Each structure stands twice: as structure tokens, then as C-alpha cells.
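Below: one structure, written as C-alpha cells.
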Amino acid sequence: MRKRNLSLLVLAALILFATAANANQPKYVFFFLGDGMSSTQIQAAEAYLTTVNGGKATVAEDLLKPENRLNMSKMPVAGMQTTYDSFALMTDSASAGTAFACGIKTKSSVIGMDGDLSKSYKSIAQLAREQGRKVGIITSVSLDHATPASYYASVTNRGLMNSIATQMAATGYEFFGGGGLVAPLAPARSGDTANDVWSLLAANGYEVRNTRESIVDLKNNPRDKVVCINPTIDGSKAMPYAIDKPADNLSLAEMTEVAISNLYSRRGGKGFFIMVEGGKIDWACHANDAMATIGDTLDFDNAVGVALKFLEKHPRETLIVVTGDHETGGMSIGHATTAYTAYYDRLLGQKNSYQHFGENQWPAHKAANAAADCSSPNTLESSTEMLALMENAFGLKWADLNAYQKEKLEDAYDKSLCDSNNNSVPENTYLYGGYEPIIVTITHILNERASIGWTTYSHTGVPVPVFAQGRDADKFSGFYDNTDIAKKLAKLMGIRKTLPVEKD
Ligand SMILES: [Zn+2]
């Protein structure tokens, strides 16, 4: 009898200990990742907000007003992380995603594996799920893209997207939301698998939803395992840019709300880990389009706002961490043509993204003007139709431009319309970076006139800020490496194994 009492006591003590251990961890963990977002993208978005809200981007008191600040930059804890990978100062999203998810440095293009491609590693999402947390993965690009894939897949190359999606279907994660799948039925490239991922998802108990109504319905009627694909997806299976979003489309914030309702359990449970990626901040920066960049940065920050509302209700159990994986575009606050002044009001005339213009107004104009006289040095200046398009779609008025800006636009127009101008091939490569010459030149000039410069069409190696709020947020202050973020999160979530953890 006494022996039995003793073992009951031990049992009670063990239960108490286990409860206490759980109470010491953030139960609900959000990791927000703005792809291509560093301090420049954040400051540009705040200067834009200030302007839209009636203030001036050149007046400190206006910039400092709370309504002109992003949710992320108002968080009480900030840090800074180095982003280089094992191969270069400029990481790509695969090696950066692997750093955040697995806590290891690897080469560009590699996901969930080391640089020798010999070992595969578990992500913190997988480890969190093994300890009973629910997992949600959200992105504005395709669900098999490098950043989301880092949280569930191990592949030698990010282009093996059928293989990535096959691994996604086997995760058991409760929620996937955002864009679609690039190669759900066939190899994306040589060396890839050829599985029917839709069948695999169904066989593993996933429901796939792709209408606004059915996705929003999950807030009231959660499902065990669901894949939510935005009603409109572009040619790369990504959600549209926020600036182009059709009315029936979900924002990243709405997708985050749906994920929370679907993963949060009133009956207790072991909490969740949710990763939210603003994936197209990066794409807009590659294309050097500041307004598309700002639009997606704001959309991403609104999703952070949704997590903050959840934190208000669960202050002692929630941790929110926000960062970017690298900077893209070499975006600058300031330009040679504007020096110490900024004119963000000049951005307000842009109605849609470079991509929207490139898929709508530009091809129609080009088709109608294919027989234009390409030998004239002032083809653009004499095209009232194109000048009207520039003014209506971008707010760029020909009469406001200086001779240097007009020359650049004339060269680009000749290249786009007639496929020739007087520039050398290397000059054209540098000027247009593979984008439609006239469109990238329009955004360059529009952005420069506002005081935003671009130096590359690729990623840059500047360190990226980290913001944190909630339980244990203070652990994210300081200057550290991107791999430390995975290690900090794993430790805080009570993952007992030390990262990196090899896959079985
Ligand atoms: Zn990129």
C-alpha cells in the first residue's frame, strides 16, 4: 500500500514537472519571413505609408507617428542577422531557408541538406511536430518554392519541385496555404520524380481548397489536414502581387487568420508553429519595382498584425519572430539624382505592378505598333499612346523628365519595340537585367525620382534585421547568424535534440 502511494506521488510529481516544463515554453510560435526584405524595404514601406497617410517622408515627426510605422518595426525587441551561406556572401532562398529551418549553412539551391549533398536534416517544423505541435506553412509564392520547402523537404536542388511536393504530401503538417504547386504531376526538370502529388495528398488525408469561400469557411469549420490555394495564381503558381490583387483573392493576413483558426485548439493541445513567408517582396525587388515591393511588404506586415492580435489574447504563450532571408535588388533610400530629398508622392500614380503592365498594356501596345519606324531617334516622344500609358499606369509624365531620363527611356523603348538600340550588349544587360527594357526603365526612373535606387537584379549580402515580440522575445536581441535563429527557436520550443538533427 505504501509502495503504491509512493509511486502515485512520483507520478504526480512527474506530471507537475511536465506541465511546468511546457509552461516555460512559448506554446504558439510564429516565424515571419519576408523574402528579399531588409531594412531598406522596411524603411521604404514606412516612408510610403507616411506619404499615403498625408504626411511627408522628409519630416521626422511624420515618419515617427505610430500609424506610419510597420507592425514589425514597432516590436520591442530587435536584432540583426548575417545572411551569407557556405558558398557566397549573397545567399539564395534555399540556403537561407535551410539555415532558418535546419540550423546549417549550405550552398545556394540546396534545401535541407549539407553543402556536400551527403546528409539530410530535419527542420524545426518537423521537430516541432514530432513533439506534438501542429504546423502551418504559408507563403505568397508556390508551396513547393525554396522557403516553404526548407521546412519539410531535403533535395539537392530547389528545382526538383515534384520531389519537393511529394515530400510535402508526406509531412502530416496540418496546414499549407498560399500559392499552388509548380510540378504536381510531372518532373519539373531532369532528375526529378514524376508523382501525382494531388493523389498523394488525398491518400494522406489532405483536403485541397481553392475558392475564397471554402478557404474562409475553415475559420468556423477546421479540418485536420488542409491545403489552401489562393483563387488566382500566376504563371509561377504564386499569389498575385498585393498591388494587383483581385477582390476575391486572399491576402497573406487572411491566410494567416485561417491558419490560426484551423490550428488553434481551445481544448489545449501542444500549440503550434506557423511559418509565414512574404515571397514576392523578393520578386518585386528582382524586377526593381518599388511600388510592388512596398505593396507586398505591407501585405506581409498586415499578416504580422494578425499574429499580434493573437498574441494580445495569449500574451504569455505566444512568440512572434519577424525577419527576412536576404536583401534583394540593392535597394537604396536615396539616389544620385535626388541627393538628400525624397519625393514618395511621385510613387502614388503607379496603379499595378511591372508584371501586370507587362502582361496587359505593354503587349497590346507592342502588337499595335510593331510596324513603328524604329530608325527615328525619338520614337517614344512621338508616341502619344505610349506616353499616355506611362502617365496612366505609372503616373510618369514625359514633361516632368530631364534629358537624361528621356534618353534612357528612348533607348529602352527602341530595345523593347524594335529589339535594337545604340547601346553595347553589356550596357543593355546591365540596364535591363533580362526584364522588358521599357518596363524596367520606367520603374527605375519612377523610383529614382522618388529617391529609391537599385544596384542589382539579384540578392545582396547585407545583414537583415530581426524583430521579436512575446514570450522569450528578448532572446532575439543582438547580432548573430541566420543559423542561430533555428537554434534559438528549437531551444525555446523545447526541442531536446541539438540542431542540426540528421534525418533518420
Ligand atoms: Zn530572389
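For the sequence shown, the positions run 59 to 562 when our numbering is used. C-beta atoms are modelled at their ideal positions from N, C-alpha and C, and glycine is treated no differently. Being a predicted model, the structure only gives us computed values, none of them experimental.
In the DSSP assignment, I287 forms a beta bridge with G236. If you check the C-beta of H517 against ligand 1, you find a heavy atom less than 8 Å away. Nearest C-alpha to T487 among T501, T514, L475, A508: T514.
Taking 9 Å as the cut-off, the beta carbon of E265 is found closer than this to the beta carbon of R281. Assigned with DSSP and collapsed to three states, H502 falls in helix. Put simply, the region 377-394 does not touch the region 315-325. Fewer than three CB pairs are less than 8 Å apart. Here the region 188-208 does not lie against the region 139-147, with fewer than 3 beta-carbon pairs under 8 Å apart. When secondary structure is reduced to three states using DSSP, L201 falls in the coil class, being assigned neither helix nor strand.
In this structure, L259 and A211 do not form a Cβ contact; the two beta carbons are roughly 15 Å apart against a cut-off of 8 Å. When Q83, D174, V87 are compared, the shortest CA-CA separation from F368 is found for V87.
Taking non-hydrogen atoms of ligand 1 into account, the C-beta of H344 is found less than 8 Å away from one of them. About 11 Å separates the beta carbons of A186 and A159, which is beyond the 8 Å limit, so they are not a contact pair.
Taking the CA atoms as reference points, E232 sits about 14 Å from L201. In this structure P124 does not touch E375 by the C-beta definition: roughly 26 Å separates them, more than the 8 Å allowed. In the DSSP assignment, G363 falls within the unbroken alpha helix (DSSP H) covering 348-371. Annotation for M171: T156, T164, K177, S178, Y179, S212, V213, T214 place their beta carbon closer than 8 Å to its own, counting only its chain and skipping 5 residues before and after. Taking 9 Å as the cut-off, the Cβ atoms of M333 and Y209 count as close. Under the three-state reduction of DSSP, H423 is assigned to helix.
Scanning its chain for C-beta atoms nearer than 7 Å, with the 5 sequence neighbours on each side dropped, one finds around T116 the residues T399, A400, in chain order.
9 Å or more divides the Cβ of E439 from the Cβ of G407.
About 20 Å separates the CB atoms of A261 and M219; that is not less than 8 Å, and the two are not in contact.
Within the region 380-413, complete alpha helix (DSSP H) segments of at least 4 residues are not found at all.
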